[in-house]
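Enquirer: Numbering (the numbering used here), first residue to last: 17 to 157. C-beta: ideal position from N, C-alpha, C; glycine also.
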């Protein structure tokens, strides 16, 4: 089993829960305020993680300007994506549509991996990308 497998399982569970809680929150809070609460609590969670590393003597966090800039762009994408999901749910979008939407993101990542990161294309990846795109189109109604 790959060293990263269990991290992937945890991430999948947490991001699944993230969308469930976003769906529940969207009925009860505005998208801007809700998005802010989501991102602020995420920032506090990461700050707690950094404090544990620091005080536990396990600080191993490197820094570069490029890493900072890419992290900043990631944060902008996460913030805008969070607002988009709040709006999707507030406009009646079903929670069951989220996996296909996320699969669309997975297709974008797979294409980027092949084109920009020189990851080997395979027939499985190409079919997965095609299914993800088809899934998005099937959600239109």
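Can you give me the start and stop residues for the alpha helix (DSSP H) that residue 110 sits inside?
Expert: Within the chain shown, residue 110 is the residue found at index 94, counting from 1. Run containing residue 110: none; DSSP gives neither H nor E here.
Enquirer: Please go through the same chain and pick out, in chain order, the residues whose beta-carbon is closer than 8 Å to the beta-carbon of residue 137, but skip the five residues on each side of it.
Expert: Here the question's residue 137 lines up with position 121 in the chain shown. Only 130 meet the Cβ criterion.
Enquirer: Could you tell me which uninterrupted alpha helix (DSSP H) segments, each at least 4 residues in length, are contained entirely in the stretch 70 to 106, listed from first to last along the chain?
Expert: 81 to 106
Enquirer: State the Cα-Cα distance for the pair residue 101 and residue 69, rounded to the nearest angstrom.
Expert: As a first step, residue 101 must be located in the chain shown, where it is residue number 85. As a first step, residue 69 must be located in the chain shown, where it is residue number 53. Approximately 32 Å, taken between the alpha carbons.
Enquirer: Should residue 71 go down as buried or exposed, given a rule of 16 or more other Cβ atoms within 10 Å for buried?
Expert: Locating residue 71 in the chain shown gives position 55, where the first residue counts as 1. The residue is exposed, with fewer than 16 neighbouring Cβ atoms inside 10 Å.
Enquirer: Distance, Cα to Cα, residue 90 vs residue 84?
Expert: Mapped onto the chain shown, residue 90 falls at position 74. Mapped onto the chain shown, residue 84 falls at position 68. The alpha-carbon atoms of residue 90 and residue 84 are separated by roughly 10 Å.
Enquirer: Can you find at least 3 beta carbon pairs, one from the stretch 45 to 64 and one from the stretch 114 to 130, that sit closer than 8 Å?
Expert: Contact between the stretch 45 to 64 and the stretch 114 to 130 is absent, because fewer than three Cβ pairs lie under 8 Å.
Enquirer: Nearest-angstrom Cα distance between residue 25 and residue 35?
Expert: In the chain shown, residue 25 corresponds to position 9, counting from 1. In the chain shown, residue 35 corresponds to position 19, counting from 1. Rounded to the nearest angstrom, the two C-alpha atoms are 16 Å apart.
Enquirer: Alpha carbon to alpha carbon, how far is residue 19 from residue 78?
Expert: Position 3 of the chain shown, counted from the first residue, corresponds to residue 19. Position 62 of the chain shown, counted from the first residue, corresponds to residue 78. Whole-angstrom Cα-Cα distance: 21 Å.
Enquirer: Using CA coordinates, which residue listed in 146, 117, 134 is at the minimum distance from residue 156?
Expert: Translated into positions along the chain shown, residue 156 becomes position 140. The residue with the shortest Cα to Cα distance from residue 156 is 117.
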